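Before any comments, here is the structure.
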Amino acid sequence: MNNGLLVVISSPSGGGKTTIIRKIVERDPQRCVYSISATTRAPRSGEQNGKDYYFLDDEAFQAKIEQGEFLEWERVHGYYYGTDLSSIQVWLQQGKVVLLDLDVKGALQVANILKDQTVTIFIAPPSLDTLIKRLKNRKTDSNEEIEKRLERIPMEMEKSKKFDAVIVNENLDKTVDQVLKIIENHIH
Numbered sequence: 000m001n002n003g004l005l006v007v008i009s010s011p012s013g014g015g016k017t018t019i020i021r022k023i024v025e026r027d028p029q030r031c032v033y034s035i036s037a038t039t040r041a042p043r044s045g046e047q048n049g050k051d052y053y054f055l056d057d058e059a060f061q062a063k064i065e066q067g068e069f070l071e072w073e074r075v076h077g078y079y080y081g082t083d084l085s086s087i088q089v090w091l092q093q094g095k096v097v098l099l100d101l102d103v104k105g106a107l108q109v110a111n112i113l114k115d116q117t118v119t120i121f122i123a124p125p126s127l128d129t130l131i132k133r134l135k136n137r138k139t140d141s142n143e144e145i146e147k148r149l150e151r152i153p154m155e156m157e158k159s160k161k162f163d164a165v166i167v168n169e170n171l172d173k174t175v176d177q178v179l180k181i182i183e184n185h186i187h
């Protein structure tokens with residue numbers, strides 16, 4: 000068995016998972032790496048290919064599925080998202096803490112595949128109102144897209160019961176501290 004750790008962080012859209020992961024990598028860049036997902040959706044304002052996501056067209060994404068290049072992949076909100084398998088394997092062999100930002104289905108898929116090396120953390124919003132405010136404030140989704148994302152919340156909250164830990168994200172720094180503590184507990 001490799002000595003790395005896969006930390007899968009999931010939350011409803013707007014729950015703060017990407018921000019939390021970036022803060023963790025900033026605090027411990029020697030040990031922690033962020034696995035960038037591939038997607039078929041268009042970049043949001045300010046997003047860069049290779050930094051935020053690997054932006055692919057449907058054809059390229061399908062080819063990667065057929066070639067078995069994804070650890071997991073899922074269609075969410077009408078777009079494909081996937082996690083590159085080879086980079087995960089290399090990082091785990093190097094003993095890294097690999098952070099993944101996945102939807103709940105993808106998170107549970109990965110936990111099922113790499114049971115002994117994975118910890119799953121669900122980031123819950125303090126309230127539905129807070130989540131709606133966050134989604135609207137980021138100004139990246141239409142009202143229709145926000146509605147679609149909100150429709151998934153009951154399913155996401157139900158599936159969160161299968162996660163190793165659930166953290167309510169009321170305060171970003173405290174949430175990051177809690178995630179780091181969970182990582183430490185799984186490493187030692």
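Residues 0 to 187 (numbering that gives the first Met the number 0) make up the sequence shown, in order. Think of the CB as a built atom: it goes at the ideal place given N, C-alpha and C, for glycine as much as any other residue. What you are looking at is a predicted structure, and each value in this text was computed from that prediction instead of being measured.
For Ala41, no alpha helix (DSSP H) segment is defined, and its DSSP state is neither H nor E. Between Thr174 and Val7, the CB-CB gap reaches or exceeds 8 angstroms. If one requires a minimum length of 4 residues, the alpha helix (DSSP H) runs lying completely within the segment 96-125 are 103-112, in chain order. Rounded to whole angstroms, the gap between the alpha carbons of Ser159 and Arg148 is 16 angstroms. By the C-beta density criterion, Asp102 is buried, having at least 16 other C-beta atoms within 10 angstroms.
CA-to-CA, the gap between Ala62 and Ile166 works out to about 36 angstroms. The shortest C-alpha to C-alpha distance from Gly67 to any of Gly77, Glu73, Leu84, Asp56 is the one to Leu84. Under the three-state reduction of DSSP, Ile166 is assigned to strand. In the same chain as Arg137, and ignoring 5 residues on each side of it, no C-beta atom comes closer than 6 angstroms to its own.
Counting the other Cβ atoms within 10 Å of the Cβ of Pro11 gives 16 or more, which makes it buried.
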